[in-house]
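Here is the structure:
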């Protein structure tokens, strides 16, 4: 199984990368996590007719702005998952006059809205709300015998720890700089993300969603993560990095 970081920026595109989007290629499915501008790279890594599942965490533009390129793909099918209100949000922004409407894409699209809790899809899923300025959903996937947890825009919260329990890989955001906190705009810094991973006993931690205005170079990302001493081997996300599980 491969985890491919298609976009690792938060807020806006910059020389460090595109806005947030992550692809999981498993034996039977392609799973896309959020749809920032990194989404346009998906067809570099999806070359078959396996079903594609897109999980949206919330509706901040850096997580959905890539959806306007859906018409470039030739997926066999696309199922979009998100919290209550996803259908209304997408029917507004993925529609005229902004872009090609969902019902005119060259493949069928289904939208499924989720409440917090466990689900039996073609794979086991758990989802819970995280702590953010806007309602934001985190996800836990059981794929090919591996647990992958996705915690985008969030502050430190118990639901993030629960979703990441014993995960083989925790993918977490890292919008804030080392030592930075802002309760009015909850996000993680390298240490707080590592604290969640350690409490959850996650095996590996990969950081993404580095705020483009704070992290202005890839070297800044690496230097910030190097300040963490109590969770070794953190993966510093950058665009088109491939992680094998």
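Numbering (my numbering), first residue to last: 949 to 1193.
Glycine is no exception: its CB is placed at the ideal position from the N, C-alpha and C atoms.
Limits of the unbroken beta strand (DSSP E) element including residue i
i: residue 1050; result: It is not in any beta strand (DSSP E) - residue 1050 carries neither H nor E in the DSSP assignment.
i: residue 1066; result: 1065-1068
i: residue 980; result: 978-981
i: residue 973; result: 969-973
i: residue 1096; result: 1094-1099
i: residue 1168; result: Unbroken run through residue 1168 is the alpha helix (DSSP H), 1166-1173; no beta strand (DSSP E).
i: residue 1074; result: 1072-1077
i: residue 1044; result: Where residue 1044 is concerned, there is no enclosing beta strand (DSSP E), given that its DSSP letter is neither H nor E.
i: residue 993; result: Taken as a continuous stretch (DSSP letters only), residue 993 belongs to no beta strand (DSSP E), as it is neither H nor E.
i: residue 1186; result: Per DSSP, residue 1186 belongs to no beta strand (DSSP E) and is neither H nor E.
Option nearest residue i by Cα separation, candidates the options
i: residue 1132; options: 981, 978 and 1103; result: 1103
i: residue 1122; options: 1176, 1090 and 1026; result: 1176
i: residue 1016; options: 1139, 1045, 1092 and 957; result: 1045
i: residue 1135; options: 1152, 1147 and 1108; result: 1108
i: residue 1099; options: 975, 1091, 1092 and 1080; result: 1080
i: residue 1120; options: 964, 969 and 961; result: 969
i: residue 1174; options: 1064, 1059, 1066 and 1142; result: 1142
i: residue 964; options: 1179, 1178 and 1156; result: 1156
i: residue 1075; options: 1031, 1168 and 974; result: 1031
i: residue 1006; options: 992, 989 and 981; result: 981
i: residue 1117; options: 1096, 1130 and 1101; result: 1096
i: residue 1182; options: 1163, 1162, 1145 and 1167; result: 1145
i: residue 1049; options: 1070, 1068 and 1020; result: 1020
i: residue 1178; options: 1138, 1162 and 1167; result: 1138
i: residue 998; options: 1152, 972 and 988; result: 972
i: residue 1127; options: 1162, 1094 and 1101; result: 1162
Neighbourhood of residue i by C-beta distance below 7 Å, restricted to the same chain and skipping five residues each side
i: residue 1192; result: 950
i: residue 1047; result: 1016
i: residue 984; result: 955, 966, 967, 968, 969, 1010, 1011, 1013 and 1014
i: residue 1035; result: 1059 and 1061
i: residue 974; result: 949, 1091 and 1092
i: residue 1184; result: 1155, 1169, 1170 and 1173
i: residue 1165; result: 964
i: residue 1105; result: 1078 and 1079
Close-in-space but distant-in-sequence residues of the same chain around residue i (CB under 6 Å, 5 per side omitted)
i: residue 1148; result: 1109, 1112 and 1113
i: residue 960; result: 1160
i: residue 986; result: 954, 955, 966 and 969
i: residue 994; result: 978
i: residue 991; result: 1021
Rounded distance between the beta-carbons of residue j and residue i, thought under 8 Å
i: residue 1125; j: residue 1154; result: Rounded, the Cβ-Cβ distance is 18 Å, inconsistent with contact.
i: residue 1077; j: residue 1064; result: 6 Å
i: residue 1023; j: residue 1000; result: 5 Å
i: residue 1158; j: residue 958; result: 6 Å
i: residue 1150; j: residue 1115; result: 4 Å
i: residue 1026; j: residue 1004; result: Actually they are not in contact, since the Cβ atoms of residue 1026 and residue 1004 sit about 12 Å apart, beyond 8 Å.
For residue i, the first and last residue of its enclosing alpha helix (DSSP H)
i: residue 1143; result: 1138-1148
i: residue 1191; result: Counting along the chain, residue 1191 falls outside any alpha helix (DSSP H), though it belongs to the beta strand (DSSP E) covering 1189-1192.
i: residue 1106; result: 1106-1111
i: residue 1038; result: 1034-1041
i: residue 1010; result: 1009-1012
Quiz item: Hey, is the segment 1176-1193 in contact with the segment 952-966, meaning 3+ C-beta pairs nearer than 8 Å?
Solution: yes
Quiz item: For the segment 1084-1099 against the segment 1047-1061, are there 3 or more C-beta pairs whose distance is under 8 Å?
Solution: no
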